[in-house]
Structure formats: structure tokens, C-alpha cells
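*Asks:* One structure is given below, represented as C-alpha cells, and several questions about it will come after.
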Amino acid sequence: MGKTFAEKILAKYGHEKTVVPGQIVTAKPDHLLMHDNAAPIVSKITAELKEYGIANRDLPIIVLDHVIPAAAEKNAAQHKQIREFVKAYKLKHFYDVGYGVCHQIVVEKGLALPGMVLLGSDSHTCSYGAVGAFSTGIDRTEAAALLLTGETWLKVPQSIKMMLRGPLQKGVTAKDVILYIIGDVSASGADYCSVEFHGDVKQLSVDDRFTIANMGVEMGAKNAFFAVDTITTKYLSSIGIKKTQYKPISPDADATYDRELVYNLREIPPVVSVPHGVDNVKPVTEVEGIDIQQCLLGTCTNGRLSDFQIAAKILKGKHVDPRVRLLVLPASRQVYLDAVKAGVMETLVKAGGTVLPPGCGPCLGAHQGVLAPGERCISTSNRNFKGRMGCADAEIYLASPATVAASALHGRITDPRKEMRR
Amino acid sequence: MKVWRYGDNINTDRLFPGKYTYTCSTAEEIKPHLLEDLDPLFAKNVKEGDLIFAGKNFGCGSSREQPVIGLKAVGIAAVVAGSFARIFYRSAINQGLLLLECPEAVSAYHEGDTVSLDVKNGTIMVGSKTFTFPKLPPEILAIRDAGGLLAYTREKLKKRKK
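Each protein sequence line maps, in turn, to chains Y and H. In terms of the numbering used here, the first sequence opens at residue 875 and continues consecutively. In terms of the numbering used here, the second sequence opens at residue -10 and continues consecutively.
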């Protein structure tokens, strides 16, 4: 009988011939991701680190991204503590302030490869299924234990097959697809499950797949996965990774799924996720005209060159509405540089954009672009929970880069298709 | 013993606002902000032995563990919910906070019902009705019995060294 991706990779890493959903395996992940939270993680195990050291200095990846540059003395002290830890244990994968958001860095630097298992103390660790890896989030305590032992338990999840059929319509992006799907299955619709995307996925670039896999956790998924194809191998080769450096694992054609869902992409319009839940999804036409004060373009969900190109096409030669603050947040320094070279940043800045340092910035409400009571923000990020951007009395709408750019132009939520007639 | 009731999809931002995640890590720092944007009375009035009854997908959202550490520290005896989000579920095992996935018990509860918990036998009584909840697999019970993941890891490392 055929096996799903999750069953095959967890059998391999669990040293079992075959596994079934519900079975628990002990696995050694290839990498453990941490960010600014590496400081509280390391503080939990000061004595143990002294006595036992770390399991493997190739295991941890640390990227400073959540509150960068430090917003307060406490953040600065944590960053300093992390740098000292990295030095003391000669860690191999450290990216200081300014490299970018951890998830973008992991993919961009070729640290997540097809057929690998990665765990990270961040819920959006599920992003690396975009390049055929198995990756999922854990808490700080588990990250601490992994630093010491290099291994943990993983339950083999049930798998859901999501079949994407047909071409995307004009003005519709990967972001609309994943928001639409989350709206369909609900915020708990894929709880504990491995979600595999199949069908007409050749039209989706690695950037698109990243956007989709990134939001897997917003429907409760353990991981989200795209099988390796020529799109993946071309991307990996563009970042200097040869085919000989990885061993893809693909689901069997006759694998058994807990559920199989089919989405006709032709039927998906531009959509917006309205406050205060990601699964509260409506066609943009139903929410058009709502006044907004802040627009956030970027983040690990939609902060890549292709996202900024979509926005720049809409904003070129124009200026955002004077009532709106447009924040531009590149997912990495590399993206930032590429966007500068391509002239895209110039377009966005001329249109009134304020470029923030590559990091998490306003997405989690810790600093930069915190909202005021009564304000509304439309954002390309992945969460619109009440209070997410630092203020419980503000509202966050989630949408694609096209919808955010079009909305910035008018100071109210706008159907991007109206700005694409040229 | 009080039962605190909440709905579906109670996310980690409601349980512990993200703006504090890099300034509060210890139980004492966390406690005053617990459920701040969901129920301002909770942190003020919660008592040791209280229970939380909630709908499905409790603890969805970020991987921050402050909600779990905080709920354990204020003495929540168990969170009973329709279902839990996976990282929260794992985190509760790591911190030794008892979670019971029992939608039947949640829907059976009415304001004022007496609730009693029998962890050893895996049952929860709501009013006059008794519900059983499944036992955890041995691999996971071992972590809980050791007193949480860090204690479990310490034991494991000691054994390895011998």
C-alpha cells in the first residue's frame, strides 16, 4: 500500500521500515531553528550546557529577526547573549540583525533541502515544505531539549491531499489561494495533519509555494508540502544547490489520505481575511471601501521580490493615499538588494513607502508600525488575531500584495483587478 | 473551583499578547498578562485548581510557550476543550499542564455544574455525567511523569553519561 510524504519521511528518520498515522517515532532533525527566542531557550539550560555541551553544532540555525534592531535594552541584551552563545559553541549557522526573517533565510541559504526534517521554535517553520522538506513548529522548551540531545518524538500525522486544478485568474495570487483554502477548511480544519498540495502546481513558483506553505499552520497543519519538481530544482540551482546535495522524498501515487479536497483555481477571486480570524475569508468585492490607515507589504509570507514586483506594477508613477502609511518589509537583505537593483524599491519609496529593516517588524506587534486604537491595517502577513499588531482595539485585514498595493492607493480596501487594466 | 468558559479558536495572542513575548519569560512576569485581551478578569480572579472549558482548536497561533507556563503557574488543573492546536498541545506536555480533549464534556457543561476530575482513572464528571478521556501513549506519559521535558531530558542525559 502506498505511503504519504509524512509517512515516508518519518519512517526514514524514525528508522522504521514503515509507519502508520498515530505512531510515535524518535527522530534526529537536520536542523533546529531559533530566533531572538534563542536567549530565553539557552537560559533554561545554562547548567546542562556546561555539563553536556550541545548535541551538534551543525544542528542550530539562529536568525535575529523578531525585534531588530533592538527596540529596548532588554532586546539588546538578549541579542548580545545569543552572540556570545554562538561564539562559545562555535555554531555554524548564525545570522545577525539585518539578514532577514528566519524562514526566508533558511530557504534562501539552502539550509532547508528536499527530504530534510527541520524543527523550529516558531510556528511558521512549516514554510519549508515549499522546497520539499518536512518542517514544523515546537516550543522553546523543546528547542532547549533538542539543543542538548539532538532528538525528539514525532507523531506520524494523518495526511490531507489538496488538489489544485486549473489556472489562476487575473489579479489572483498564491496568497488568495491559501486564504481561500483556510476559509474553506477553517482555522482548525487541518489540525495535527500533514497537508500535501498536488495538481496544477507547476504554475506556482517557489515564492508562491512559500506563501502557501507558510500559512499551513493557520489551518492547524503540522506541515505543508509541495513535491520536488523542475520548479524546485531550478530554484535550488539558482541559489547554488546541486541535485547531488539532496534526496527528495515524494508521496506514492497510491498513498492513502485521510481526506482529499479539490480546489478549482478558476473559481477563486481576490480575497481578504477579515478581523479577527484568518479563516474569516471574504471576496474582496464584499469588503471594498473599508477605510484603512496602514498597509503592510512584505513579511515572511509575502516579502519576496516577486511580491514587490506585483505591488510596484500597481504603484508605479503614483502615490499612496495621504491618509495611509505604507510599510515595506523585505523578507531578507538579499530580497532588499534584488528589489533595489530591479528598481522596484525606488518605485515603492517614490509612491510613499517606508522601508523597514528585513525582519519581523510590525507583524507581531512588538515594535515598528504598532497600530492605534480604532485603526485598520491591510497586510500581506499571515495573522490577523485581535491584538496581533500590538493593539487589541485595532483591526487587521489580510490580503495579497496586489490587493494591499491597490488599497494603499485609495486609502480603502480596493479590488486589485481595477488597477490592472493596462 | 471555578470553570472559566471560552469559545473556539482561542489563539495564543488572546492567551498572552505577542507584544510581551520578548520581555516576559518567567512565570511571575507572565501571570499578570494572562488572557489580557480575552478576559481581563481572569488574571485577577483565577485560583489554584480552576478549570478552563473551551471550544475547538484551543491555543492556535504562535509557538510561544508563555500561555502554557502561565496557566500552569496560576494552578489551572486542566484545560478541557473540543480540540487543541498542535504546538500548544506539545507545549503542555513539555510543561506538565493537563489538557483533556473531550468535546462531549465541554458541551455537557452548564453554568453552575459541579466538575470533578479523576486523572488516574481518566475520567471527568460534569454535573451527573461521567466522560472518559483517552490515556496518553507511554512515550508521552514518560515526559509528564518525569515532571516535564527538561526534567525528562536531564534524566536521559545522566543515564547516557553513565
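Just so you know, even glycine gets a beta-carbon here, dropped at the ideal spot from N, CA and C. All of these numbers come straight from a predicted model, not from anything done at the bench.
For Y/Q952, return the contacting residues in chain H, with the cut-off set at a CB-CB distance below 8 Å.
*Replies:* Reading the first sequence from its first residue, position 78 is the one you call residue 952 of chain Y. What Y/Q952 touches in chain H: Y11.
*Asks:* Identify each residue in the region 42 to 57 of chain H for which the Cβ-Cβ distance to at least one residue of chain Y is less than 8 Å, and report them in chain order.
*Replies:* K45, N46, C49, G50, S51, S52, R53, E54 and V57
*Asks:* Y/L993 bridges to which residues according to DSSP?
*Replies:* Numbered from its first residue, the first sequence carries residue 993 of chain Y at position 119. Paired residue(s): Y/L906 and Y/T1010.
*Asks:* With DSSP run on the structure shown, which of helix, strand or coil describes Y/K1035?
*Replies:* One-based indexing of the first sequence puts residue 1035 of chain Y at position 161. Three-state DSSP puts Y/K1035 in a strand.
*Asks:* Assuming the contact rule is C-beta atoms closer than 8 Å, Y/V1005 and Y/V981 should be a hit. Round their C-beta distance to whole Å, please.
*Replies:* Numbered from 1 along the first sequence, position 131 holds the residue referred to as residue 1005 of chain Y. Numbered from 1 along the first sequence, position 107 holds the residue referred to as residue 981 of chain Y. 6 Å between Cβ atoms; contact.
*Asks:* Whole beta strand (DSSP E) runs in the region 915 to 941 of chain Y with 3 or more residues, listed along the chain?
*Replies:* Fully enclosed beta strand (DSSP E) runs of 3 or longer: 934 to 937.
*Asks:* According to DSSP, which residues form a beta bridge with Y/C1251?
*Replies:* One-based indexing of the first sequence puts residue 1251 of chain Y at position 377. Answer by DSSP bridge pairing, in chain order: Y/Q1168 and Y/I1270.
*Asks:* Could you pull the start and end residues of the alpha helix (DSSP H) that H/A43 belongs to?
*Replies:* The sequence position of residue 43 of chain H within the second sequence is 54, counting from 1. Going by DSSP, H/A43 is part of no alpha helix (DSSP H) but of the beta strand (DSSP E) stretching over L40 to A43.
*Asks:* Using beta-carbon positions only, say whether H/G71 and H/F47 come within less than 9 Å of one another.
*Replies:* Locating residue 71 of chain H in the second sequence gives position 82, counting from the first residue. Locating residue 47 of chain H in the second sequence gives position 58, counting from the first residue. Cβ distance < 9 Å, so H/G71 and H/F47 count as in contact.
*Asks:* Kindly give me the distance between the Cβ atoms of Y/L987 and Y/H967, rounded to whole angstroms, as I take these residues to be in contact under 8 Å.
*Replies:* Translated into positions along the first sequence, residue 987 of chain Y becomes position 113. Translated into positions along the first sequence, residue 967 of chain Y becomes position 93. Contact doesn't hold; Cβ gap of about 13 Å is too wide.
*Asks:* With H, G and I counted as helix, E and B as strand and the rest as coil, what does DSSP make of Y/C1000?
*Replies:* Here residue 1000 of chain Y is taken as the residue at index 126 of the first sequence, counted from 1. For Y/C1000, the three-state secondary structure derived from DSSP is helix.
*Asks:* Pick from Y/N1176, Y/P1149 and Y/V1145: whose alpha carbon is nearest that of Y/F1084?
*Replies:* The residue you call residue 1084 of chain Y lines up with position 210 of the first sequence. Looking at the Cα atoms, Y/N1176 is the closest of the given residues.
*Asks:* Between H/P127, H/Y141, H/K8 and H/A140, which has its C-alpha nearest Y/N949's C-alpha?
*Replies:* Along the first sequence, read from residue 1 onward, the residue named residue 949 of chain Y stands at position 75. The residue with the shortest Cα to Cα distance from Y/N949 is H/K8.
*Asks:* Output needed for Y/E890: all residues of its chain with C-beta closer than 7 Å, excluding positions within five of it in sequence on either side, in chain order.
*Replies:* In the first sequence, residue 890 of chain Y corresponds to position 16, counting from 1. For Y/E890, where only same-chain residues beyond five positions count, the Cβ hits under 7 Å are V899.
*Asks:* CA-CA distance, Y/V1152 and Y/M1219?
*Replies:* Residue numbering aside, residue 1152 of chain Y sits at position 278 when the first sequence is read from its first letter. Residue numbering aside, residue 1219 of chain Y sits at position 345 when the first sequence is read from its first letter. Taking the straight line from one Cα to the other gives about 29 Å.
*Asks:* Note down, one range per segment and in chain order, each alpha helix (DSSP H) of at least 4 residues found wholly within the region 1046 to 1120 of chain Y.
*Replies:* 1048 to 1059, 1080 to 1088 and 1104 to 1112
*Asks:* I'd like to confirm the pairing. Which residues does DSSP put opposite Y/K1224 in its beta bridges?
*Replies:* Within the first sequence, the letter at position 350 stands for residue 1224 of chain Y. Y/K1224 pairs with nothing; no bridge assigned.
*Asks:* I'd like to know if H/K148 contacts chain Y, where contact means its C-beta is closer than 9 Å to some C-beta of that chain.
*Replies:* Counting from 1 along the second sequence, the entry for residue 148 of chain H is found at position 159. H/K148 does not count as touching chain Y.
*Asks:* Does DSSP classify Y/D1128 as helix, strand or coil?
*Replies:* By 1-based counting over the first sequence, the position of residue 1128 of chain Y is 254. The answer is coil: DSSP assigns Y/D1128 none of H, G, I, E or B.
*Asks:* So is Y/H821 buried or exposed if we call it buried at 16+ other beta carbons inside 10 Å?
*Replies:* An answer regarding residue 821 of chain Y cannot be provided, because it is not within the stretch 875 to 1296 covered by chain Y.
*Asks:* Pull out every residue of the region 1137 to 1169 of chain Y whose Cβ sits closer than 7 Å to any Cβ of chain H, in chain order.
*Replies:* G1151
*Asks:* Applying the criterion that 16 or more other CB atoms from any shown protein chain within 10 Å of the CB defines a buried residue, is H/H99 buried or exposed?
*Replies:* Residue mapping note: residue 99 of chain H aligns to position 110 of the second sequence, counting from 1. Exposed: under 16 other Cβ atoms inside 10 Å.
*Asks:* Rounded to the nearest angstrom, how far is the Cβ of Y/I915 from that of Y/A1018, given a contact under 8 Å?
*Replies:* Position 41 of the first sequence, counted from the start, is the residue given in the question as residue 915 of chain Y. Position 144 of the first sequence, counted from the start, is the residue given in the question as residue 1018 of chain Y. The Cβ separation is near 5 Å, so the contact holds.
*Asks:* Taking beta-carbon pairs under 8 Å, can you tell me which members of the region 1011 to 1028 of chain Y lie near chain H?
*Replies:* G1011, I1012, D1013, R1014, T1015, E1016, A1018, A1019, L1022, T1023 and W1027
*Asks:* For Y/E922, which residues in the same chain have their Cβ closer than 8 Å to its Cβ, ignoring the five residues on either side in sequence?
*Replies:* On the first sequence, position 48 is the one that residue 922 of chain Y refers to. Residues L1022 of the same chain have their beta carbon placed closer than 8 Å to that of Y/E922, with the five preceding and five following residues left out of the count.
*Asks:* If I'm right that Y/S1033 touches Y/E1070 with Cβ under 8 Å, what's the distance once you round it to whole angstroms?
*Replies:* Along the first sequence, read from residue 1 onward, the residue named residue 1033 of chain Y stands at position 159. Along the first sequence, read from residue 1 onward, the residue named residue 1070 of chain Y stands at position 196. Between Y/E1070 and Y/S1033 the Cβ distance is about 6 Å, and since that is below 8 Å, they are a contact.
*Asks:* Starting from H/A97, trace the beta strand (DSSP E) both ways and give me its first and last residue.
*Replies:* Taking the first residue of the second sequence as 1, we reach residue 97 of chain H at position 108. Taken as a continuous stretch (DSSP letters only), H/A97 belongs to no beta strand (DSSP E), being part of the alpha helix (DSSP H) at P92 to A97.
*Asks:* How is H/C49 classed by DSSP in three states: helix, strand or coil?
*Replies:* Residue mapping note: residue 49 of chain H aligns to position 60 of the second sequence, counting from 1. The answer is strand: DSSP assigns H/C49 an E or B state.
*Asks:* Hey, H/G50 and H/N0 are a contact pair by Cβ (cut 8 Å); roughly how many whole angstroms apart?
*Replies:* Taking the second sequence and counting its residues from 1, the one referred to as residue 50 of chain H is at position 61. Taking the second sequence and counting its residues from 1, the one referred to as residue 0 of chain H is at position 11. Between H/N0 and H/G50 the Cβ distance is about 4 Å, and since that is below 8 Å, they are a contact.
*Asks:* Using a C-beta to C-beta distance shorter than 8 Å, which residues of chain Y count as neighbours of H/D134?
*Replies:* For this step, residue 134 of chain H is matched to residue 145 along the second sequence. The contacting residues do not exist; H/D134 stays about 15 Å from chain Y at best.
*Asks:* Can you tell me whether H/A16 is buried or exposed? The criterion is at least 16 other CB atoms within 10 Å of its CB, across all chains shown.
*Replies:* In the second sequence, the residue the question calls residue 16 of chain H occupies position 27. That one is exposed.
*Asks:* Output the distance between the C-alpha atoms of Y/D1082 and H/A66, rounded to the nearest integer angstrom.
*Replies:* Locating residue 1082 of chain Y in the first sequence gives position 208, where the first residue counts as 1. Locating residue 66 of chain H in the second sequence gives position 77, where the first residue counts as 1. Cα to Cα, Y/D1082 sits roughly 44 Å from H/A66.
*Asks:* Any C-beta of chain C sitting closer than 9 Å to the C-beta of Y/N1088?
*Replies:* The displayed structure is made up of protein chains Y and H, and chain C is not among them.
*Asks:* For H/I105, is the classification buried or exposed, using 16 other Cβ atoms within 10 angstroms of its Cβ as the cut-off for buried?
*Replies:* Locating residue 105 of chain H in the second sequence gives position 116, counting from the first residue. Going by the sequence as given, residue 105 of chain H is Ser instead of Ile. Counting Cβ neighbours within 10 Å, H/S105 comes out exposed, since fewer than 16 surround it.
*Asks:* With DSSP as the reference, please indicate the residues paired to H/M114 in a beta bridge.
*Replies:* Taking the first residue of the second sequence as position 1, residue 114 of chain H is located at position 125. Answer is H/S105 and H/T119, bridged to H/M114.
*Asks:* Given a cut-off of 9 Å, decide if Y/R1262 and H/D2 are closer than it, judged by their beta-carbon atoms.
*Replies:* Against the second sequence, residue 2 of chain H aligns to sequence position 13. Against the first sequence, residue 1262 of chain Y aligns to sequence position 388. For H/D2 and Y/R1262, yes; Cβs fall inside 9 Å.
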